[in-house]
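Under the numbering used here, the first residue of the sequence shown is numbered 35, with each subsequent residue one higher.
Reading through the structure tokens given below for one structure.
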Amino acid sequence: MLKSDFNAVLLQHRIDIESFLENYILTYTEISGNSAAIASRYSLLGGGKRIRPILLIEAAKLYGVKKSDYLSFAAAIEMIHTYSLIHDDLPAMDDDDLRRGQPSCHKKYGEATAVLAGDLLLTAAFEIMLRNISNSSALAREKIQAALLIAEAAGGRGMIAGQCLDLQLEQVKATEIILTDLQHKKTGALLSASLLAGAVLGKATEFETGLWKQLGLIWGLIFQMMDDVLDFTADAAVLGKSTGKDERDRKSTFVTVYGLSKTKELIRSEQGKALELLEILAKEQDIGFFIAFNDYLSERGN
């Protein structure tokens with residue numbers, strides 16, 4: 035897939051996802067006095083790459099799933115991701131004043147409202163998936179399985195477990211094994227669930243879902259490694275969030291532990307592993323988008 039075609043696909047998906055998200059979140063803002071809904075809308079529609087929902091969509095499309103069957107799940111996973119960012123920015127967590135190039139939710143609306151905004155998005159994510167299941171009998175079993183995969187990835191076996199590990203490692207130097215385990219949970223679990231949910235909706239084989247799971251964990255690791263690199267090298271105006279915080283807070287990241295050069299080597303190595311998995315999947319399907327995405331991960335500037 036040409037780079038221009040890949041970028042066009044990303045853009046079209048973002049338009050579709052954001053239109054769906056805006057229409058859904060408006061149903062909450064219409065409730066009088068619902069400041070959490072207003073704050074959640076601010077964070078949800080305030081930019082973002084929409085990587086997770088796009089991966090879910092592309093995986094689902096690969097298996098011929100209809101838009102009406104996958105879009106609610108794509109929107110749900112973006113709601114969960116945004117909720118995690120709102121809570122991660124809070125003073126009790128990562129304490130960041132900037133997100134997606136604008137004041138973080140708690141800086142704009144206050145800490146209490148930001149907590150509630152995150153809670154609203156998390157519960158809305160499951161509402162939107164369950165509403166799709168209850169309104170359509172198509173792929174009911176597969177949709178329940180996809181929702182369960184997303185729940186597990188977001189919860190105490192996945193992202194929450196990763197966040198807990200992250201808090202424990204503040205001002206403590208971690209090993210590569212610990213860092214990898216942390217990022218598999220904190221970043222990789224939800225990203226992997228995006229691919230898995232799309233594949234499950236399309237009735238992928240057990241062998242194929244195993245490959246998608248491995249691929250998602252690898253991409254989650256690359257994504258976090260690049261975040262670590264960008265925190266060290268990028269300008270805050272371009273990145274859309276504060277930079278230099280990891281080093282300032284003595285936080286264990288791949289860059290603070292192994293240095294910039296070694297982290298870039300690790301990224302290239304993980305991309306090679308991802309390509310090997312993609313070559314297996316390519317024997318049955320046209321996976322041009324995913325090969326282009328593998329390249330994109332190390333090229334992104336924010």
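All C-beta atoms, glycine included, are put in the ideal place defined by N, C-alpha and C.
{"Asked": "Strictly by DSSP, which residues pair up with Pro-137?", "Found": "Leu-132"}
{"Asked": "For Lys-285, which beta-bridge partners are listed by DSSP?", "Found": "Glu-204"}
{"Asked": "Taking the continuous alpha helix (DSSP H) assigned at Val-263, which residues delimit it?", "Found": "240-267"}
{"Asked": "Does the segment 248-263 touch the segment 104-116, meaning 3 or more C-beta pairs lie closer than 8 Å?", "Found": "no"}
{"Asked": "Decide if Ile-114 is buried, meaning its Cβ has at least 16 other Cβ atoms within 10 Å, or exposed.", "Found": "buried"}
{"Asked": "Within the chosen definition, does the segment 82-94 reach the segment 61-72 through at least 3 CB pairs nearer than 8 Å?", "Found": "no"}
{"Asked": "Buried or exposed: Val-289, going by 16 or more other Cβ atoms within 10 Å of its Cβ?", "Found": "buried"}
{"Asked": "For Ala-187, I'd like the list of residues in its chain whose CB is within less than 6 Å of its CB, leaving aside the five on either flank, ordered along the chain.", "Found": "Ala-223, Leu-224, Ala-227"}
{"Asked": "To the nearest angstrom, how far is it from the Cα of Glu-240 to the Cα of Val-234?", "Found": "9 Å"}
{"Asked": "Taking all protein chains shown into account, do 16 or more other C-beta atoms lie within 10 angstroms of the C-beta of Val-206, making it buried, or fewer, making it exposed?", "Found": "exposed"}
{"Asked": "Using DSSP with H/G/I as helix, E/B as strand and the rest coil, what is Tyr-23?", "Found": "Given a span of 35 to 336 for the chain in the structure shown, any question on residue 23 remains unanswerable."}
{"Asked": "Could you spell out where the alpha helix (DSSP H) holding His-47 opens and where it closes?", "Found": "37-63"}
{"Asked": "Please classify Thr-243: is it buried, with 16 or more other beta-carbons within 10 angstroms of its beta-carbon, or exposed?", "Found": "buried"}
{"Asked": "Around the C-beta of Asp-128, are 16 or more other C-beta atoms found within 10 angstroms, so that it is buried, or is it exposed?", "Found": "buried"}
{"Asked": "Assuming contact is defined by CB atoms lying nearer than 8 Å, are Leu-173 and Asp-103 in contact in what I supplied?", "Found": "yes"}
{"Asked": "For my contact list, Gln-136 and Gly-82 are in at a C-beta cut-off of 8 Å; report their separation, rounded to the angstrom.", "Found": "About 11 Å; that fails the 8 Å criterion."}
{"Asked": "Would DSSP call Val-368 helix, strand or coil?", "Found": "Not covered by the structure: residue 368. The range shown for the chain is 35 to 336."}
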